[in-house]
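Each number in our numbering comes from the position in the sequence shown (counting from 1) with 1023 added on. Just so it is clear, CB atoms sit at the ideal spot from N, CA and C, and this is done for glycine as well. Each remark here refers to the structure printed beneath this line.
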Amino acid sequence: MRSFENPENRWAGLGPYYAMFPFSFAKEVVKKYSNKEEWVLDPFAGRGSSVFASSVLGRKGVGIEINPVGWLYGKTKLCPASENLVFKSLGKVLKQSRGAQAYRDEFFKLCYSQSVFDFLITARKILKWKTRKADATLMSLILVYLHGKEWDSFSNQMRQGKALSPDYSIRWWKSKGKTPPHIDVMKFLAQRIKWRYSKGIIKDKNSQMLLGDSTKLLKRVARFSGPKVGLLFTSPPYYEVTNYHYDQWLRLWMLGGFKRPRSLDNHWARKFSSKEDYKVLLQTVFENSAKLLKKNANIYVRTDARPFTFQTTKEILKDIFPKKKMKILKRPFSGPTQTALFGDKSPKPGEMDIILSN
Ligand SMILES: C[S@@+](CC[C@H](N)C(=O)[O-])C[C@H]1O[C@@H](n2cnc3c(N)ncnc32)[C@H](O)[C@@H]1O
């Protein structure tokens, strides 16, 4: 059981994200396969666990993530705004939201009480989460509690990791006679902000999370890391398993997106269901990452045990790093998986770790 008695463990848990690395695993890999001061690169960073582990262990982490939800969690935990400024930002939203009476369609009527919805709509409108640190920190905390268990979140009962479809949710809430909880937003968030800050924060100005597509952005990383990355540590999306954007539709709505789930136009912001496209993604990202690595760099890739994903990843890595020795570790799931915790209880084949070194 993880102790929450230090700031790193309190911030590492920010926030719920499908297929996230357990923090203890991320630290173990960074410690074993990289040296202090070295750069650690994660081109599929999710909520930034590898980058954050690098930061707390005295390395410089750089992560790229295409999904704004994961990116915001990752960026915030590396360098949150001061508690004081987050409360100021919260005060500003609460003041503007009072009595707004924003229109709720059937889904939002059943999901949130009127006053919670007014708060969310105002936060969505005024928080500049891409550019202002206090707003970004507050927005990340709002995202953590946007949906989940009744009374532990702002919403009517829903999964925490994955937002279900509006039609399904409406049917389910109606059949159970469930109405949205009347949460006192100030009290609810104040308690949780205080808990998050009570052991302090990590302030890392070197590590970075970049928002965007790593098939394009790796060139930008080269500008500041140069060919000095000591560890490439990542977990790419798995072939045909999930659509990170679709599953996070409600949090993406909160960040200014559509009010219904939908697949986005960006090629990589989808479920990975074309074998050819999947190969191109891995090939491009690993090839571009290779250009940033030191000669003796280590590569640690966690992937799905299902044959297509595993074989493709293994072959591409072998091809790009022919001189490195490859080791495979089978990681069958023993206890409940991260995804099961988020409501996906279908049987899972486990994961594979592919490790390359000189
Ligand atoms: C298996 S998850 C990584 C989870 C991460 N290890 C963590 O601890 O949260 C794969 C991630 O790759 C992201 N992704 C997929 N295509 C991408 C691309 N072209 N550029 C950047 N990120 C991408 C997905 O949005 C997803 O968050």
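Residue i beta carbon near ligand 1 (any heavy atom closer than 7 Å)
i, result
"Pro1259", "yes"
"Met1043", "yes"
"Tyr1262", "no"
"Ser1077", "no"
"Ala1068", "yes"
"Glu1028", "no"
"Asp1236", "yes"
"Ile1087", "yes"
"Asn1090", "yes"
"Gly1280", "no"
"Tyr1267", "yes"
"Leu1304", "yes"
"Tyr1323", "no"
"Tyr1056", "no"
"Ser1073", "yes"
"Gly1171", "no"
"Gly1093", "yes"
"Tyr1220", "no"
"Arg1301", "Here residue 1301 is Tyr; the residue named in the question, Arg, does not match the sequence. Result no, Cβ not under 7 Å from ligand 1."
"Tyr1126", "no"
"Tyr1040", "yes"
Cα-Cα separation between residue i and residue j, rounded to whole angstroms
i, j, result
"Gly1097", "Lys1132", "31 Å"
"Val1242", "Pro1066", "Note on identity: in this sequence residue 1242 is Lys, with Val being the wrong assignment. Distance between the alpha carbons of Lys1242 and Pro1066: 11 Å."
"Leu1364", "Glu1129", "Model confidence at Leu1364 stands at a pLDDT of 48, short of 50, so the residue's coordinates are unreliable; what they give is reported in the following sentence. Those two C-alpha atoms are separated by around 28 Å."
"Ile1089", "Asn1107", "30 Å"
"Lys1251", "Glu1051", "21 Å"
"Asn1311", "Arg1127", "46 Å"
"Gln1231", "Trp1195", "41 Å"
"Asp1236", "Gly1069", "12 Å"
"Val1007", "Ser1258", "Nothing can be reported for residue 1007: it is not among the residues displayed for the chain, which extend from 1024 to 1381."
"Tyr1191", "Thr1202", "15 Å"
"Val1264", "Ser1105", "38 Å"
"Ala1157", "Arg1329", "42 Å"
"Gly1249", "Leu1064", "12 Å"
"Pro1045", "Ser1120", "37 Å"
"Ser1380", "Asp1342", "14 Å"
"Gly1071", "Lys1151", "21 Å"
"Leu1255", "Ala1042", "18 Å"
"Ile1339", "Ile1087", "20 Å"
"Thr1174", "Arg1215", "Going by the sequence as given, residue 1174 is Trp instead of Thr. Between Trp1174 and Arg1215, the C-alpha separation is close to 13 Å."
"Arg1182", "Lys1347", "42 Å"
"Leu1278", "Lys1228", "25 Å"
"Gly1114", "Pro1103", "18 Å"
"Leu1305", "Leu1234", "18 Å"
"Arg1147", "Leu1166", "11 Å"
"Ala1159", "Glu1031", "19 Å"
Below-8 Å beta-carbon distance, residue i vs any chain D residue
i, result
"Pro1355", "This model lacks chain D altogether, as it is built from one protein chain only."
Burial state of residue i, where buried means 16 or more other Cβ atoms lie within 10 Å
i, result
"Glu1061", "buried"
"Ile1224", "buried"
"Leu1352", "exposed"
"Phe1344", "buried"
"Arg1325", "buried"
"Glu1299", "exposed"
"Met1209", "exposed"
"Gly1038", "buried"
"Thr1154", "exposed"
"Ala1186", "buried"
"Gln1180", "buried"
"Pro1355", "exposed"
"Arg1082", "buried"
"Lys1282", "exposed"
"Glu1028", "exposed"
"Met1349", "exposed"
"Ile1149", "exposed"
"Lys1100", "buried"
"Phe1247", "exposed"
"Gly1184", "buried"
"Trp1218", "exposed"
"Arg1285", "exposed"
"Asn1058", "exposed"
"Asp1327", "buried"
"Ser1188", "exposed"
Report the start-end ranges of each beta strand (DSSP E) in the region 1220 to 1276 that is 3 residues or longer and not cut off at the edges.
1231 to 1234, 1252 to 1257
Report yes or no: do the region 1304 to 1319 and the region 1370 to 1379 share at least 3 C-beta pairs separated by less than 8 Å?
no
Report yes or no: do three or more beta-carbon pairs, one from the region 1267 to 1275 and one from the region 1160 to 1170, lie closer than 8 Å?
yes
What alpha helix (DSSP H) runs, 4 residues minimum, are completely inside the region 1054 to 1141?
1072 to 1079, 1091 to 1101, 1106 to 1120, 1129 to 1134
When the Cβ atoms of the region 1135 to 1142 are set against those of the region 1255 to 1271, are three or more pairs found closer than 8 Å?
Flag = no, the region 1135 to 1142 and the region 1255 to 1271 do not touch.
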